[in-house]
Amino acid sequence: MNRNPKIRDYISERVEGMSFEEIYSKYVDAVYRFLKFKLGDEHLVEDVLQETFLAVYENLQKMKEVSSHKAWILTIAHHKFVDHLRKKRLVEVELSEGMEADPAPDCLFIHQLLGQLDETARTILYGLYVEQLTCSELAEILGIPVGTVKSKAHAARSILQNKLREESV
Amino acid sequence: MTRQEMYELALAYLQKRLTTEEKAKVFRLIEENAEFFQVLAFEATLLRRFAPLKTAAPAGLRERVQERITAAVQNPGKVIAGQVIHYILKGTLPQIAWAVYQPWQRRICAYEQQCDSR
Chain A
376 MNRNPKIRDY ISERVEGMSF EEIYSKYVDA VYRFLKFKLG DEHLVEDVLQ
426 ETFLAVYENL QKMKEVSSHK AWILTIAHHK FVDHLRKKRL VEVELSEGME
476 ADPAPDCLFI HQLLGQLDET ARTILYGLYV EQLTCSELAE ILGIPVGTVK
526 SKAHAARSIL QNKLREESV
Chain B
6 MTRQEMYELA LAYLQKRLTT EEKAKVFRLI EENAEFFQVL AFEATLLRRF
56 APLKTAAPAG LRERVQERIT AAVQNPGKVI AGQVIHYILK GTLPQIAWAV
106 YQPWQRRICA YEQQCDSR
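Top line first, the protein sequences correspond to chains A and B.
For the first sequence, counting from 1, position 155 maps to 530 in the working numbering; every step adds exactly one.
For the second sequence, counting from 1, position 28 maps to 33 in the working numbering; every step adds exactly one.
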């Protein structure tokens, strides 16, 4: 039996019918993918992933108040990503280089396509097509109005449509 | 219906997020509206292109991070001390030495956690 109260809470505390371990198992893949997409480097992803889930654990009670658990956890991951950028003083150019440094061969084309877009538009398309998030959820994650998400998504689609058309010619 | 609404409806249909009534609307649009059909085809292409990005976290990484979170909850002081050392070394070691040190440190941490859990 574990005598440490923090560990007892860690194991037994349940929010919305789920223990922290169950929450971790359910969302770790989505957070990993999101951070891998944003950061590229596997070591950085691992560190920021850990920071994200530690913050989730520390704010577990807030999970009761949110409408979408996935969006809430990805919002924390996005904040941790931004914190990381601030700490490292990375500029967007370096980020893009990191993203395209070593994508898997089957991801190469989509990385090249997304390279035409700004960081926010890339994240919006990623959220819509990979994580199946709604525009409201993306607005919450990025901290921008829903209208901006919709207009950026629309503009990004037009750019990708032209690129795909050029590719097929 | 605006083109933006068409995109949203088409994507929701392909991601199976529609009610029966909304699906009926999509089927009607496919038959009657050539522009909607083009939008639907484009959304299907984008979904296919994005599919390789939907990867799972490697099992080793999942376990390592979970063990480190458990350790952080169990002994926060040890983790803070480790992070301070981590940032000092990162700031002072030459980049090439850091590249060697980091994987080595991770192996040591994983070994310590295994010993702790035994």
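The beta-carbon is built from N, C-alpha and C at its ideal position, and this holds for glycine as well.
- The beta carbons of A:ASP404 and B:ALA62 sit closer together than 8 Å.
- From the beta-carbon of A:TYR399, the residues of chain B found nearer than 9 Å are ARG67, VAL70, GLN71 and ILE74.
- Counting only Cβ-Cβ distances below 7 Å, A:TYR402 has no contacts in chain B at all, with the closest Cβ about 10 Å away.
- Look at A:ILE485: its C-beta is under 8 Å from a C-beta on chain B.
- Residue burial annotation: A:ARG532 is buried, with at least 16 other C-beta atoms found within 10 angstroms of its C-beta.
- Within its own chain, the residues whose Cβ lies closer than 7 Å to the Cβ of A:PHE428, once the five positions on either side in sequence are excluded, are TYR399, listed in chain order.
- With respect to the 8 Å criterion, B:VAL44 and B:ALA15 are classified as neighbours on the basis of their beta carbons.
- The continuous stretches of alpha helix (DSSP H) do not include A:LEU492, and DSSP gives it neither H nor E.
- Of all residues in the stretch 518-531 of chain A, those with a C-beta nearer than 7 Å to a C-beta of chain B are LYS525 and HIS529, reading in chain order.
- The Cβ atoms of A:VAL524 and A:ILE499 lie closer than 8 Å to each other.
- For the stretch 45-64 of chain B, residues whose beta-carbon sits nearer than 7 Å to a beta-carbon of chain A comprise PHE47, THR50, LEU51, LEU52, ARG54, PHE55, PRO57, LEU58, LYS59, THR60, ALA61 and ALA62.
- Contact annotation: in the stretch 404-435 of chain A, residues whose CB is within less than 7 Å of a CB in chain B are ASP404, TYR407, ARG408, PHE412, HIS418, GLU421, LEU424, GLN425, PHE428, LEU429 and TYR432.
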